[in-house]
Structures are given as structure tokens and as C-alpha cells.
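Residue numbers (my numbering), protein chains in the order written: chain A, 1 to 299; chain B, 300 to 999.
Glycine included, every Cβ here is placed at the ideal spot set by N, Cα and C.
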Amino acid sequence: MIEITNVTKRFDKTAVLEHLNCKIEKGSIYGLVGANGAGKSTLLRLIMGIYKQDEGTILVDGVESFDNPLIKQKMAFVPDDLFFYSGYSLYEMAVFYQSIYDNFDMDYFKELCDLFRLDINRKVSTFSKGMKRQGALIVAIATKASYLFFDETFDGLDPVIRNLVKKIICESVAKDNTTIILTSHNLRELEDTCDHLGLLYKGGILFERDVDTLKTEMFKVQISLSGDFDEAEFKNLEIMSFKKKGSVTTLILKGNKEKIKVYLEKKNPIILDFIPLTLEEIFIYEMEVLGYEFESVIL
Amino acid sequence: MNSKVSFFNIKYLLENFKKSRGVIYLFLLIIPIFTYLFMLMLNNSLGGDIYFANLSDLSIPAIIGMYIIPFTMSVTLFNFLFRKDSVDFITALPLKRSTIFITNIIGGILIFLAIFLITSLLMLLSSTFFPSLVIPKMMYFHFFITFFIAYTYTFIASSLALVLTGSRIAHVALTLIILFIPGYIGDFYNSGVYHGTINEYDHIVCDRYDEECDDSKIYNDFVVEKSYMFENGQTLPYKYINVIPRDIFGMYSNEVTYQNELASVYNTSSNLRMIILSIIYFVLGLYAFVNRKMEVAESTFKSENIHQLVKCITLFPLALATISIFCLGGSVTGLIIMIAVTVTIYIIYDLIMRRNSGNFMKSLIYFLGLVLVTMLIYLTIDKITNLESSKIIEREDIASVGIAPSMYFDYNLKNNLDILKYKLEDSKIIDLIYDNNQRAIATKDLSTKFAVRFNLKNGATYYFNVAVTKIDYDELIKLLDKDQDYVKAFKSIPYDKVYGVKLGNSYLDDVKTKKVVNLIKEGYQNKTVSDIVDTSYIDYEAGYSYTYSLINTLYSYDGGVKTYNVSTMINPKLINYVMQTKNTLYIENVKNKNVNINQLSISIDFSKFEEINDYEEFYHKFMSNPKNMELVYRYINDNVKGDLDFSSYSEEEIIYVSVWVYDEYYVFLPKDDAYDEMLQQIKENVLQDSNSKIEFGEGI
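Right, here's the structure in full:
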């Protein structure tokens, strides 16, 4: 588990992260989302021990990760700005990682390279941007680290490769109970991969939820009743949003879907449709409750 | 486990070497190859002659490399700090920061160890192919140790500078500061910051060659001045460039003129200083690296104040020089130029380092601070050195003296001056020296000079050149001879460390070297200081004395090449042997090689011809007729012997001839019938000259 408690990080006099608290459970795929400059990359670097926080603590499996090689054996990082040794092939990079990471699996590395159709003996400098990212991801995954940190993971990857990466990530979690932290400024990208999401805004975690819970506990209902009605008609429900247009009302509700369905059917609706919400929509409504305009948070 | 909490990670080091292998291979080869080439060139330039190499001869590639290779190595190993992507990569690895730093430092040190092991071994092996170069074995070790330490020191200093900053240019500036500023300030302090010295002793200086000197006036040949032993324990990188600040920034030193003889450029204190500084810089570098905020990559310094401070320190030498010129009342033009240069560099520094002009107000404040601090430093140094120079040494201040007699002032007999370290505490000796030091005396007698070191009770040492009266001189020598330990120290030559002998201009082979050394040892036995000084006396008034050719220079190696000049006159057997050796060298190199007379220059001393009244005219006529040269040459070749026993001849019965052919050879011949015949023939030749107006006295 990763426990981040009251972490503050300043660059010069500007606080990029301020009193940030967060818990990432073992074996989860945690998506960290936020606008450009929100502090996502900084947070990853703090957890990885590249930077040191000015205040607060960061514990990985109960120990501080900064300058701690024992715990860092369990951590691998793929930054947004990739680095490879000049003149090295992918295989040579793997050999380097193998010399540093005790559990590096060379066979698995080669297997992944075959899967991604990357020539391991070719110099990385000749790879395209997307291929470099694939290479970096493969090498990181092959370390068999318990914690993998991917910054702007899918940047430069085509849709086919993205799906492949997502598949491998999920397999890793399922097989090895790996904890994965992904950052992106795009919710849609993280939606079908992550099981937890955190929204970073103005140096802190604004919003943090389990994705399944988010999706199942909140949904959109379109309903039309005979006769006139207003919001009071549904007073027993937890309403996030009520929008009436003509005779059709769109409700965003929170709660147990089955119970709500039974409740609404008792009103003999003319129209009753349950529509699943996208993650983005869920976030928008949650933000509205908190008093934020979602566009200003993400974009 | 690769990443156990250990201070050193061999696999990380090997990968680091692997990624930089091109550069490392270059470094491993370049110094050995160029050192070998230098030895080859030197050997070939000697044309078969023997040459006793010193460390400087062998070190030129290593010296040049010292300013490039360690700096480049630190950049190679710590290059990742300059870019955000590489910083992320390296610091994300499961390695302790201290492991990364220590591993890189050890890696660099191992490279230098390899460079100098290879170079030293190559030098040792190649010496068998360079017969002209005589190099004592210890010199290879000395070379290895000195440069290994110097390279390590420069590398660690550069690494410290690199760790403290995030941009390459700032790295260069900071490295220069760490390597050179401490030495520069030390030199500046020692130099006294002003022209010449303050000399509180009242005397009239009169150059002995100045025809206007009035013999009746009291004068002293030697400017009596205080001299300081110039700091010779400086680090090696600074020593080789200290001429730049000294010359450009006008640091006029009060160093003793023979300071280089008292301490070799390569010395233990310099090495120790570099080792200690290396340890300090290493500790500082380690601390800085472990605590470094890695987000500073690609920027000069995290803190604006530190950036300004580094800027000021970088410009400090220039500022100090400018203020020196101002305070010394230098030319207005020069001063304006210096001010303009200083201000310009101050302004463009930010443009270079940060690509913007920076915070104007902050820069202005720091600039004023720089001027103020520099002024304070200058005035403080000036005050202290003025106090020092105006200080009068009182008799009661002196604990002991060190004395080196007059022969040390003769270039040919200049010896290493270790004898000055011997402390004489006899109050009579101190009184004699002190009293003479206090006054100016008339002397043309060069034998009455001494190099003196006053050892004060407070631990300070001062060097003087002192001339004493003849009477005091005799008294002093007697007192010195009474001190058996002084006599022993004065005569002390490390015979077991002697690896070669130079006789005049010729280097002797091993057999002759051993013979000469044994004869000197024999000659020194039972000799007093007075005996030795007397035999070293060069009678300049007697004209061109052949005793110049009879000086044996013993080369020993003891932490550096040390030479001991011993007059042949110390042992009659040695005189005989030296004369025979000189004749043998002539026979081997001139007579047996049938050297054409046109390649020769012969000088024969006619001043002993009692018959000739006008020596110069005679010599002119002699030289103008080529037949005379042929005559002399034939005479020499017919009569020179390598085994003639000269011990039966007095000094007046021996003539010597100087023969120049690419080198100078001396030939010693007895005044016998063959000589008389040659002389007669020369006289006849000269008389036959229709313009001859040579007058001869009785006896012709």
C-alpha cells in the first residue's frame, strides 16, 4: 500500500502539492487525473524518491521510499520524458535493468517484445515515439516490480497498442497483484483500465473513488410521468441532478439501482430508462456537488 | 543482491563504463601514448648523448591532460544531472544516492589508476629502448603517485562543482573557483601586493659592474631584503598556472630566488594537500548529492542568491586585480579598461549562464557587495603584508640560523640548499650574521656571501642574502667548523641515491660514475667546511678558469632530482681522474671520429704567455690565420692521452684547451716539449703576419 500523508512540495516559493493525502491499495490500478501542471508527475516523482517532499510522509509498504533501494526494488517508473542510454538497443537496456533489478525477467521481456513486435537488437534511437514508449513500458513491466508508475502512459500509442498495454497491465495485476499508478489528463483513457481514480487539483486530491462503486452507485434515469411533477416527487431518492425538459425528466441518482428501479416503477412511468454514465459525467456531477466547474478542473 | 544497501555497486559502475567506453578507451590510451612519444622525441633529439631526465621532461602530456581528462571524466560520469530525463532515470533506480555518487567517484579513480599504471609501466619498459635517457626507477613511482593524486583531486573537485549546480557552464565556473581561488588568494597574500620590498636597512646599493661605483664608499653587492619562501605546497593544477595570475594581475613576489631548490615542484606537502582537499571535497560532494534537489537540472542554481554569490566569486580575481591597479596608482587607461572589462563580464555572465539578463537590482546590490568585499580583502592583505615587510627582526627574536656559504651563489656550484634547514643555535654565529645583516659593507670578495635563514622564536622564517666582512667570514667559518653536526650536514651527500654524474657538460657512464663518487667520498672525508669552500673558490680575476670544467654534478633522487655540485679540487686523485676522463671523452668523440677542423672551435688560453704584452692583439692574429688552428688541433690529437698521470704536474704545468664541436670538450696537456714547439710555431706564424705589431718581452 502507498500512504501519502500531508505532503507538500514547493518549487521555489510555489506549492505544487499542498497537504496532499492519498491511499493507494495494493493490487489496484489507480488512475491519477488532473489538468496540465496539476502536479501528477511531481507526485509520482515524490513517490519514486526522485524528489523529496518539503513536508509530510510517503510510505510504501510502511517504509519511506526516498533513498531506499530496498523498497525501490519493488518500484519501477516510466516517466513522460523517456530516457535511454545513447547507442543502446532495447536488449542492452534490458540487460542494464537486469543488473539493477533482482527480479528482472528476461524471458518475459523477450516475450513482450515479440508480442509488441519490437526488434530488441535495434538501437532505441531509431525507434519512433510510440515504439520508444512501448519499449520503456516493456522493460518496466519485466522488472516484475510490485509497484509500477506510468506517467502519461498512452501518449504516442496507437489504439491497438493501447489495448494491448491495458491487457498486459491487467494481467500483471491479476497474476502478480501488482499495483499500478497511471497518470493522464484524459479520463476516457483511464476509464476502462483503472479501478480507482483520483483527481488532482490545486495541489491536492479533490476527489477519489473506486470506479466500480462510482459507476454502480450513480446512474442516469430518464423518466416521464403522467401529469405534472417536480423534484419533490422523488424526494426519497438522492438526486445529484434534476433536469426537466417538457415532459421528460433526466435525473442523476445515487443509490442502489434495483431499489430505485422498484421505487420508480411504482409511479407508473410512461418512460423509464436507466442509462449508464461515463466516468466523465460522473466526475462532472460529483464536482458540481463540490461546487467546481468540471471544465475548469480538467482542461 | 545487486542493490543491497552498500556504498558501491559494481554492476552500475560497469554499465556506466560501458555507456562511456569510447571516452574511457581514449583516456586510457592518450596519456601513455603521448608520454611514450615524448620520450621517443627526447631520446632522438639527444643524438646519442646521455641526458638525465627530470620529472618535468616526462610529464608534459600528463600536465596538459590534468586540465582536461579529470574534468571530462566527471562530466561523463555525472552527466545525467544536467537533464531532467536522465535525472529521472538514474534516481528512480533502486540505488542509494550515496551509492551512485561513491560508485562514480571510485569509477573515476580507478580509471586514473589504470591510466597511470599503464603509463608508468610503459615508461619503465620503454626506457630500455631509450639509452640516452637516464631515469631513476623511483621517478616512475613518483610520476605515478603525483599525477594519480593530482588527477583524482581535480576529478573530485570537478564532481563537487557539478553536483552543486545544474548547468554545464555553471559547472565550469564553479570548478575553476574550487581549483584556483584558494591558491590565488594565497599567492596574492604572499606576493605583498606591491612592487619590490620595503627595506628598512640603510644602505647604498651599487652594482659591482657599475663603473660609477666609488670604491671608497660603502656599498653592498647584494640587496639585503627579506624574502619569503613562496608557498610550494600548492596543488599541482594551480602550480602550473600560477604564472598567469602572478603576471597578469601584477603579483610581485618576494620569493627567494632559490626557492625552487629548496622544494621540488613535486613534493609531499603538495600531494598531501591534494589528498586532504580531495577527502574534504568528496565529503562535501557526497552530502550535496544525497541532499540535492533533483529538480534543479537544466538550471544554474536553485537559489538566486547562490547564483549571484557564485557570479561574484568567479569575478573576484578580476575585481581584486582591478582594485590593486587602482590602489597602486596604475595608469588611468589601464584602470578604465579593467573596470570596463569587469563590469562587462558581470553583465554578460547572466546572459551566458541563464540566457537572460537576470534581476537588475539584485545584480547591482551584489556587484556593490563584490566591490566592497574585494576592497576589504585587498586592504587587509595590504596591511598585513606591509606590517610584515616593515617588521624589524630583533636579535632577541632569533632562535637559530641556517647558513649556506658563498659557493651557492656561483651558478656552476649552486647546490641544493638543504643545509639551510640545519639550525645553528650558537649565539656567536647568530651575532656575526645578524650584525653583518644590519650594515652595508664594501666587498668585492664573493667568497664572503652567505645565504641565511633566520628561524624566529615564533616559528617564522626569513631568508636573506648576507655579505660579511673578511674578518667576520674567517671567524664564522671557524665557528661552523667547530660544529661537527653542521660539518657533517654540510658534507652530507646521499651517495647511495646517486644515479649519475655530470662532469662539466658530459654525462659519465656507470663505471666512471662509481669511480667519481668514491673519489668524492674519499675527498670529503676529514675535510672541513673551510676546506670545501676554499676548493670551490672560482677565481674570476684569473680569467677563464679551467676549474669551470672540473665541477662534478651528482644526481640523486630523493622525492625529486637533487643535484650536488662538487669541485674536483676536493681530492687530487679526483683531479687526475677527471682530467684523464675529459681527455678520454675528447678522444672518443672528436679525435677518433676524425672531426673536420672546420667544424671545430678551439679556445686556448694564451694569457699565461708571459712573453706577450698585448694578449688581445696576439689572440686576434692567432685566430685570423687558419694555419694556427690546424697547428693546435694537430698538436692536441698527437699528444692527448687518456691515461696520463697528471698528479706529478703542478697546476702551472698543465694547460687545458676547450674544443667546441656540437658540445664542449676539454683537453688537458702537460707543458712539455711538444707544447713548446707548438707555441713557438704559433709565434712564428703570428710574426709572419706583415701587420703584426705584437710586442714580445724578454724570452722570445
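(request) With a threshold of 16 other CB atoms inside 10 Å of the CB of aspartate 913 of chain B, please say whether the residue is buried or exposed. (result) Position 614 of the second sequence, counted from the start, is the residue given in the question as residue 913 of chain B. Exposed is the call here.
(request) Please state if the CB of leucine 90 of chain A and the CB of leucine 118 of chain A are separated by a distance shorter than 8 Å. (result) Mapped onto the first sequence, residue 118 of chain A falls at position 118. Mapped onto the first sequence, residue 90 of chain A falls at position 90. Yes, they are a contact pair.
(message) Does glutamate 55 of chain A come out as helix, strand or coil in the three-state DSSP assignment?
(response) Position 55 of the first sequence holds residue 55 of chain A. Reduced to three states, the DSSP call for glutamate 55 of chain A is strand.
(message) Given a cut-off of 8 Å on the beta-carbon distance, is the pair isoleucine 330 of chain B and alanine 361 of chain B in contact?
(response) Stepping through the second sequence from its first residue, residue 330 of chain B is reached at position 31. Stepping through the second sequence from its first residue, residue 361 of chain B is reached at position 62. Yes. Within cutoff.
(message) Please classify lysine 436 of chain B as buried or exposed, where buried requires at least 16 neighbouring CB atoms within 10 angstroms.
(response) Taking the first residue of the second sequence as position 1, residue 436 of chain B is located at position 137. With fewer than 16 other Cβ atoms within 10 Å, it is exposed.
(request) Apply the 10 Å Cβ neighbour rule to glycine 31 of chain A and answer buried if 16 or more other Cβ atoms are within range, or exposed otherwise. (result) Translated into positions along the first sequence, residue 31 of chain A becomes position 31. With 16 or more other Cβ atoms within 10 Å, it is buried.
(message) Between phenylalanine 429 of chain B and methionine 338 of chain B, how many whole angstroms is the CB-CB distance? I'm expecting something under 8 Å.
(response) Locating residue 429 of chain B in the second sequence gives position 130, where the first residue counts as 1. Locating residue 338 of chain B in the second sequence gives position 39, where the first residue counts as 1. Right, their Cβ atoms sit about 6 Å apart.
(message) By the DSSP assignment, the beta strand (DSSP E) with leucine 199 of chain A in it spans what residues?
(response) Taking the first sequence and counting its residues from 1, one reaches residue 199 of chain A at position 199. Run containing leucine 199 of chain A: 196 to 201, per the beta strand (DSSP E) assignment.
(message) Need the endpoints of the beta strand (DSSP E) that lysine 861 of chain B sits in, please.
(response) Position 562 of the second sequence holds residue 861 of chain B. Run containing lysine 861 of chain B: 860 to 866, per the beta strand (DSSP E) assignment.
(request) Give the residues of chain B in contact with methionine 240 of chain A, contact being defined as C-beta atoms less than 9 Å apart. (result) Walking along the first sequence from the start, residue 240 of chain A turns up at place 240. Chain order gives no chain B residues near methionine 240 of chain A, where near means a beta carbon separation below 9 Å; the closest approach is about 40 Å.
(message) Can you tell me whether asparagine 256 of chain A is helix, strand or coil according to DSSP?
(response) For this step, residue 256 of chain A is matched to residue 256 along the first sequence. In this structure, asparagine 256 of chain A counts as coil in the three-state DSSP scheme.
(request) Run the CB neighbour count on tyrosine 508 of chain B, radius 10 Å, all protein chains shown included, and call it buried at 16 or more, exposed below. (result) The residue you call residue 508 of chain B lines up with position 209 of the second sequence. At tyrosine 508 of chain B the pLDDT is 44, less than 50, meaning the model places this residue with poor confidence and gives no usable figure here.
(request) Out of A:Arg45, A:Val78, A:Asp192 and A:Thr8, point me to the one whose CA is closest to isoleucine 138 of chain A's CA. (result) Reading the first sequence from its first residue, position 138 is the one you call residue 138 of chain A. Closest by alpha carbon: A:Val78.
(request) Could you spell out where the alpha helix (DSSP H) holding asparagine 6 of chain A opens and where it closes? (result) Taking the first sequence and counting its residues from 1, the one referred to as residue 6 of chain A is at position 6. Residue range 2 to 11 is occupied by the beta strand (DSSP E) that includes asparagine 6 of chain A, with no alpha helix (DSSP H) assigned at that position.
(request) Leaving out five residues on either side along the sequence, give the residues of the same chain with a beta carbon under 7 Å from the beta carbon of glutamate 286 of chain A. (result) Here residue 286 of chain A corresponds to residue number 286 of the first sequence, with the count starting at 1. Excluding sequence neighbours, glutamate 286 of chain A sits near Phe207.
(request) Whole angstroms is fine: what's the gap from serine 623 of chain B's alpha carbon to arginine 653 of chain B's? (result) Locating residue 623 of chain B in the second sequence gives position 324, where the first residue counts as 1. Locating residue 653 of chain B in the second sequence gives position 354, where the first residue counts as 1. Serine 623 of chain B and arginine 653 of chain B: Cα-Cα distance of roughly 30 Å.
(message) Between the alpha carbons of arginine 10 of chain A and isoleucine 444 of chain B, how many angstroms are there, rounded?
(response) Against the first sequence, residue 10 of chain A aligns to sequence position 10. Against the second sequence, residue 444 of chain B aligns to sequence position 145. Their Cα atoms are separated by approximately 47 Å.
(message) Quick check on DSSP: helix, strand or coil for asparagine 851 of chain B?
(response) Along the second sequence, read from residue 1 onward, the residue named residue 851 of chain B stands at position 552. It is a strand residue.
(request) May I ask which residues mark the beginning and end of the beta strand (DSSP E) holding leucine 968 of chain B? (result) Here residue 968 of chain B is taken as the residue at index 669 of the second sequence, counted from 1. From DSSP, the beta strand (DSSP E) with leucine 968 of chain B extends over 962 to 969.
(message) Could you give the first and the last residue of the continuous beta strand (DSSP E) run that contains isoleucine 624 of chain B?
(response) On the second sequence, residue 624 of chain B is found 325 positions in, with the first residue counted as 1. Element bounds for isoleucine 624 of chain B: not the beta strand (DSSP E) but the alpha helix (DSSP H), 603 to 626.
(request) Assess, as a yes-or-no matter, whether the region 57 to 71 of chain A is touched by the region 386 to 397 of chain B under the definition of 3 or more beta carbon pairs within less than 8 Å. (result) yes
(message) On the CB-based measure, 16 or more other CB atoms within 10 Å of its CB, does serine 568 of chain B come out buried or exposed?
(response) Counting from one through the second sequence, the residue named residue 568 of chain B turns up at place 269. Classified as exposed, serine 568 of chain B has fewer than 16 neighbouring CB atoms from the shown chains inside 10 Å of its CB.
(message) Would you say methionine 593 of chain B lies against chain A (beta-carbon separation less than 8 Å)?
(response) Here residue 593 of chain B corresponds to residue number 294 of the second sequence, with the count starting at 1. The beta carbon of methionine 593 of chain B falls within 8 Å of a beta carbon belonging to chain A, placing the residue at that interface.
(request) State yes or no: is the C-beta of methionine 75 of chain A within less than 8 Å of the C-beta of alanine 94 of chain A? (result) Along the first sequence, one-based indexing puts residue 75 of chain A at 75. Along the first sequence, one-based indexing puts residue 94 of chain A at 94. Using a Cβ distance threshold of 8 Å, methionine 75 of chain A and alanine 94 of chain A do not count as a contacting pair.
(request) Specify the secondary structure class of threonine 632 of chain B as computed by DSSP and reduced to three states. (result) Taking the second sequence and counting its residues from 1, the one referred to as residue 632 of chain B is at position 333. Looking at threonine 632 of chain B - three-state DSSP - the assignment turns out to be helix.
(request) Rounded to whole angstroms, what's the CA-CA distance from isoleucine 477 of chain B to asparagine 817 of chain B? Just pull it up for me. (result) Start at 1 with the first residue of the second sequence, and residue 477 of chain B comes out as number 178. Start at 1 with the first residue of the second sequence, and residue 817 of chain B comes out as number 518. Going from the Cα of isoleucine 477 of chain B to the Cα of asparagine 817 of chain B covers about 50 Å.
(request) Check leucine 394 of chain B in the structure and name its three-state DSSP category. (result) As a working note, residue 394 of chain B is residue 95 in the second sequence. Reduced to three states, the DSSP call for leucine 394 of chain B is coil.
(message) Give me the DSSP bridge partner(s) of methionine 218 of chain A.
(response) Within the first sequence, residue 218 of chain A is the residue found at index 218, counting from 1. Beta-bridge pairing links methionine 218 of chain A to A:Lys254.
(request) Could you tell me which chain A residues have their CB closer than 7 Å to the CB of serine 385 of chain B, listed as they occur along the chain? (result) Stepping through the second sequence from its first residue, residue 385 of chain B is reached at position 86. Chain A residues near serine 385 of chain B: Phe83.
(message) Assuming the contact rule is C-beta atoms closer than 8 Å, tyrosine 450 of chain B and methionine 422 of chain B should be a hit. Round their C-beta distance to whole Å, please.
(response) To locate residue 450 of chain B, count along the second sequence from 1; it is residue 151. To locate residue 422 of chain B, count along the second sequence from 1; it is residue 123. The C-beta distance from tyrosine 450 of chain B to methionine 422 of chain B rounds to 16 Å, too long to fall under 8 Å, and the pair is not in contact.
(request) Put isoleucine 468 of chain B into one of helix, strand or coil per three-state DSSP. (result) Numbered from its first residue, the second sequence carries residue 468 of chain B at position 169. Of the three classes helix, strand and coil, the one that applies to isoleucine 468 of chain B here is helix, per DSSP.
(request) Answer with yes or no whether the minimum CB distance from phenylalanine 116 of chain A to chain B is below 8 Å. (result) Translated into positions along the first sequence, residue 116 of chain A becomes position 116. No - not a single Cβ of chain B is within 8 Å of the one on phenylalanine 116 of chain A.
(message) Please classify phenylalanine 301 of chain A as buried or exposed, where buried requires at least 16 neighbouring CB atoms within 10 angstroms.
(response) The requested residue 301 of chain A does not occur in the structure, where chain A is confined to residues 1 to 299.
(message) Suppose you measure from the CA of histidine 441 of chain B to the CA of phenylalanine 326 of chain B; what does that come to, to the nearest Å?
(response) Walking along the second sequence from the start, residue 441 of chain B turns up at place 142. Walking along the second sequence from the start, residue 326 of chain B turns up at place 27. So the alpha carbons of these two residues sit roughly 20 Å apart.
(request) Rounded to whole angstroms, what's the CA-CA distance from serine 172 of chain A to glycine 204 of chain A? Just pull it up for me. (result) Within the first sequence, numbered from 1, the residue matching residue 172 of chain A stands at position 172. Within the first sequence, numbered from 1, the residue matching residue 204 of chain A stands at position 204. Going from the Cα of serine 172 of chain A to the Cα of glycine 204 of chain A covers about 29 Å.
(request) Check the DSSP bridge columns for lysine 132 of chain A and list the partner residues they point to. (result) Translated into the one-based positions of the first sequence, residue 132 of chain A becomes position 132. Paired residue(s): none; lysine 132 of chain A is not in a bridge.
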